[in-house]
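Read through the structure below, which is laid out as structure tokens, and then see the notes.
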Amino acid sequence: MRKVWDFHGGVHPPENKSQSLQSPLREAPLPTYVVLPLSMHVGAPAIACVAVGDKVKRGQLIAEPSGAFSAGIHASISGEVSAIEDRQISHPSGNPGPAIIIQSDGADESVTIEPIANYMQAEPDLLVKRVRQAGIAGLGGAGFPTHIKLNPLSKVDTLIINGAECEPYITADHALFKTFPEKVIQGIELLAHILGNPKQILIGIEDNKPDAIDALKQAAAGTNIEVVTVPTKYPSGGEKQLIQLLTGLEVPSGKLPANLGIMVQNPGTAVAVLEAVAEGKALTSRITTFVGQNLKESVNLEVRIGTTLTEVLTHLGLDLEHAHKVVLGGPMMGFAMPDPNTPILKISNCVLVPSKLELPDPEPAQPCIRCGSCAEVCPAQLLPQQLFWFAQAEDHENLQNHNLFDCIECGACSFVCPSNIPLVQYYRASKGAIREADRERIASDRARRRFEVRNLRVEREAQEREAKRAARMQAAKEKQAHSASQSAEKSPSSDEDLVAAAMARVKAQASADSGSASSEQSVQNKTQALQERIENLKSKISACEQNKEQNRLASELANAEAQLERFQKQNSETAESAAVAKAEIQPNADPDSASAAIERAKAKARAQADMPEAEKLQQTLDSLEKRIEKASERVKQARTESSDTLVALENGLQKLLEKKAEAQARLSELKEESKEQENP
Amino acid sequence: MPLWGLAAWSPYKKMEIFLEHIVLIAVLTLTGLAILFGAILGAASVKFKVEGDPLVEQIDTLLPQTQCGQCGYPGCKPYATAIADGKADINRCPPGGHATIQSLADLLGVEVKPLDAEHGVEAEVKTVAYIREDECIGCTKCIQACPVDAILGAAKLMHTVVVSECTGCDLCVEPCPVDCIDMLPVEQPLSEWSWNLPPSTREVLGNMKAGDLIGSDRSDSSSGKGDRAA
Amino acid sequence: MTELFTILIGTVLVNNFVLVQFLGLCPFMGVSTKLESAIGMSAATTFVLTLASVCSYLVNAYVLEPFNLEFLRTISFILVIATVVSFSKMYIEKTSPVLYRVLGIYIPLITTNCAVLGVALLNVTKSHNFFQSGLYGFGAGVGFSLVLILFAAMRERITVADTPAPFRGAAIGMITAGLMSLAFMGFGGLVAL
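Chains as they are written, first to last, in this note's numbering: chain A, 1 to 680; chain B, 681 to 910; chain C, 911 to 1103.
This is how it looks when you write it as structure tokens:
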């Protein structure tokens, strides 16, 4: 007899496992459609690689893993992709998320990846790659991408298969053991091969499954896989608890089993890996327990991943009208789904549909009487009572000092609490709050660094400007001195040189606007480019069939033509001003003409300033009118295209209209005042 | 006196002289002690001179760094300095909200106060700036206003907000001459969702009705509801 | 040897300065909301108590008594205590600005802590010699620290607990201190002092 240790605490809720074991494991009927969320695993969500309308077969990759820490999604039925949108995705929050919806075509055709022959001799790297290709994630409930787990950083001495299934009602692994014990053993052998043949291979299984134990022992005869029976206690199926039971070792706080050279895998995952390697099948179905007094039949079914609960529960005789609750998961760690139109995920091991008598609503929480029962049962040897007080007070520092993040959220403490306090809710909420505070701190540190860098930049720019100005003054002084000594005909006026420099800048600006050194060449180029674009658009419009596209292209065409007009006009203006500038920079330039130009500009500015307010307002109104016109055009366009920026554009238009109203009001006020002045 | 002249310095005489000048002696003694202790303290104050103020850094770490100025100070560092000097109260930061007030109270050992409504209210949802690019005229005024350089652009070229760096301080909205900047709410991704705290026991007890605890107090019969028909 | 042991046990447990003699209650109630500040405060007070006790003994023995200035005892002891406190204030400010900010006004208030003056005067009453005075002051400090830290740890838990509204804050603190005081009365008779 192999020694079995014990872990601290634990509870013994009523097992309720017999209901779902009365009928044997069978396949669920093919669903009419499946909803495949892009995120059914720990890590980055997968990225869809099919489009609406594509025909897919079972086993076909429809979403690629995004980066290293991710898993792919495969179609679980054959049919057509009917939508890629936000749907209910069995998330605890009840919020929708992105999913790929496939309508079944009834044919159920599948594609497979090339099976690997002689997989027990194959390179582990190749096998791990195949696991990744098949999109396998931990089927026990966590959903960790298996290909990452099978590539540990340190050597694995002990491989433990988690057959405990300690949570009441759930019998999925039990059914698997009874029905396919050889597959389980072969899968485990394959895992052992991938991990470089660990010294110990153990299957931990609770003693309330005698038939499964016998079947496994028979199938494992002759291999070095040991089937170890552990006493029934919740939560002996927790990873750290099972390790403690089978090896007596405790995983240190904040560390992983891999640090101890131990790896724990779910038996369903082992079988999935076997099927992926030996039969080339991607992960498209799983065994799920459907149980509850509100179901006509409680049974274990092999369901396609993505099957909505409504479909499969109706098949099992659920009266959705009278359903009290639909719980995804078991009674200890599951969560209720507000909308049963939600899919089975890779990690859904149980669907519990209890009656009110079976799983009554929780009673209201009463004050804590400090009995300490919670600390007696905590498998992680934490102090749930203290965590409760600190969680209520939102005291993050003390929560972390009391190892909040070592809590496995098993629910044993809430189970025994005589005051019905929902302890695990407090811990989940506190963990979320602490994670959010950490995120905010990182963001604010980043913002502070950016602020400091920006201040440095502004300072540096100011200094550079100062330096440049000083250099320019210096250069001007030198040039003045130089030219003064040189020519006697030119009246030595620094003004002229500055003006000449200004004119030169204007000319340079004009040529820069045209885009290249030689202004005329670039003007020609740009005009040509615009004309080509217009031609292109015209041809596209005539070739296009759909109306919507046509409208869009038509508006683009209008834009392009307007742009061309504007550019040509601007060009002529620039040419004019350039000519003017050229004329004014004649070597024997009369300084008077330059100063005359300056005078003119000054006069214009003065006139602008002296203009009576009414005229200014009129000008503003005119320009506003033009902008409103443009804005309303754009809004109309956005409306026909139902573009995303519609709201923003409408806001802008609103603001412009308000400004116009203001200006008009002010103008009418002024007019009144002037009238009053005339008629005292 | 003349007869016991020889015993002029007897203890009794000493006591008399002492008692005559007692005030003087007491004053001298105390002054001497005071000078001695003063010297010791003077030496100590030179040896233990404190430079700078690391507390300001610690306070600044807790502030959200939006540099929005809603607290009345031109940035988070000046506000931190004011708190350290005792000039400003800890409840003036709306972007930091209740969480920041709590952590400041923890650090400084003062009581938690509610957010001062005069300086703004805590925003329900985080917002970031969005520039309507069709209307942008490329004036760079918003770029100059942004305290964390979260707006990408240059003169006469398109300006756009880098959403991941924008802190939502809305300092860019004012300077824009064509009013093309909106503050839009940011959607929180599902990966950042978390549960809420359950209602406190006090709330639960306060909201309890007859029948919640004692079944026979229940006014309506709830058997059969939610159970499988037949 | 037993005498020193007696003094120590006496000051720490039997005649605890805070809970039995009810001296030094101001920092006891004021700094006991957080455990870290309580630890800092108790270290500061122990330091002050020991040093002030020794210096007071020296001043008394070599300045006051030779010149028959016993009536200046109170004022000169206060002078000594104020100096020692100012010195420790500067030291704390230099070495731990956070603790300095957390303790805040309570550091200079050690000057007015009746336990410090009490220790100095009690040394005179009990005619302790130099070494005994030092030990007496140190023992008083240890007793103060013990009780302050215990009380702070309890208060941290009481703050987050479900206290009825009229009792929250200092009220339940006082009641707790009273109960602790009752407990410490159990040490009476441990040492015949």
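Don't be surprised by glycine CBs; every beta carbon is placed ideally from N, CA and C. Please read these numbers as outputs of a predicted model, since none were measured by experiment.
- A/G204 counts as buried, since no fewer than 16 other beta carbons sit within 10 angstroms of its beta carbon.
- Not flagged as an interface residue toward chain A: B/M863, since no C-beta distance is shorter than 8 Å.
- Judged by their CB atoms, A/T288 and A/R304 are not nearer to each other than the 8 Å cut-off.
- Pairing C/F1061 with C/A1080, the inter-Cα distance amounts to about 12 Å.
- For the segment 941–956 of chain C, residues whose beta-carbon sits nearer than 8 Å to a beta-carbon of chain B comprise T943, K944 and S947.
- In this structure, the alpha-carbon of A/L30 lies about 16 Å from that of A/L345.
- Look at A/H322 here: in three-state DSSP terms it is helix.
- CA-CA distance, A/L61 to A/G138, rounds to 18 Å.
- At a cut-off of 8 Å between beta carbons, C/V1070 contacts chain A.
- Proximity to C/R983 across C/C965, C/K944 and C/V930 peaks at C/C965, based on C-alpha coordinates.
- Scanning its chain for C-beta atoms nearer than 8 Å, with the 5 sequence neighbours on each side dropped, one finds around C/F1040 the residues V964, Y967, L968 and A971, in chain order.
- Any Cβ of chain C closer than 8 Å to the Cβ of B/L713 would place that residue at the interface, and such an atom is present.
- CA-CA distance, C/F1048 to C/T921, rounds to 9 Å.
- Think of a sphere of 9 Å around the beta carbon of C/P976: no beta carbon from chain B falls inside it, the nearest being about 10 Å out.
- Look at the segment 1043–1063 of chain C: it has no residue with a C-beta under 8 Å from a C-beta of chain B.
- Rounded to the nearest angstrom, the Cβ distance from A/I160 to A/L246 is 6 Å, consistent with a contact under 8 Å.
- When the alpha-carbon of A/P37 is set against those of A/V52, A/H74, A/F69 and A/R472, the nearest one is in A/H74.
- For A/M120, same chain residues with a beta-carbon under 8 Å away, outside a window of 5 residues either side, are E189, L190 and H193 in chain order.
- For A/T307, DSSP records a beta bridge to A/V34.
- In this structure, A/A462 and A/Y426 do not form a Cβ contact; the two beta carbons are roughly 53 Å apart against a cut-off of 8 Å.
- Interface flag for B/G766 against chain C is unset, since no Cβ pair is found closer than 8 Å.
- Distance check between C/G1014 and each of C/A1050, C/F1077, C/F977 and C/G950 places C/G950 closest, using alpha-carbon atoms only.
- In the DSSP assignment, A/D86 falls within the beta strand (DSSP E) that extends over G79 to Q88.
- Not one beta carbon of chain B lies nearer than 8 Å to the beta carbon of A/A336.
- Looking at the DSSP output, A/H74 bridges to A/L61.
- Of the candidates C/C1024, C/V1070 and C/S998, the residue whose Cα lies closest to the Cα of B/K727 is C/S998.
- DSSP, reduced to helix, strand and coil, places A/K356 outside both helices and strands of the structure shown, so it counts as coil.
- By the neighbour-count definition (other C-beta atoms within 10 Å, threshold 16), A/W389 is a buried residue.
- Within the same chain, and ignoring the five residues on either side of B/L721 in sequence, no residue has its Cβ closer than 6 Å to its Cβ.
- Counting along the chain, B/D862 sits inside the beta strand (DSSP E) bounded by residues I861 to P865.
- Below the 9 Å Cβ cutoff, chain B contributes T709, G712 and L713 as neighbours of C/V973, in chain order.
- Interface annotation for the segment 417–428 of chain A against chain B: P422, Q425, Y426 and R428, criterion Cβ-Cβ distance under 7 Å.
- Between A/C407 and A/L382 the beta-carbon gap is near 6 Å, inside 8 Å, which marks them as a contact.
- The C-beta of B/L742 comes no closer than 8 Å to any C-beta of chain C.
- Residues of the same chain with a CB within less than 7 Å of the CB of A/V131, apart from the 5 flanking positions on each side, are T146, H147, L150, V273 and A276 in chain order.
- Burial state of A/H324 is buried, judged by a 10 Å Cβ sphere holding 16 or more other Cβ atoms.
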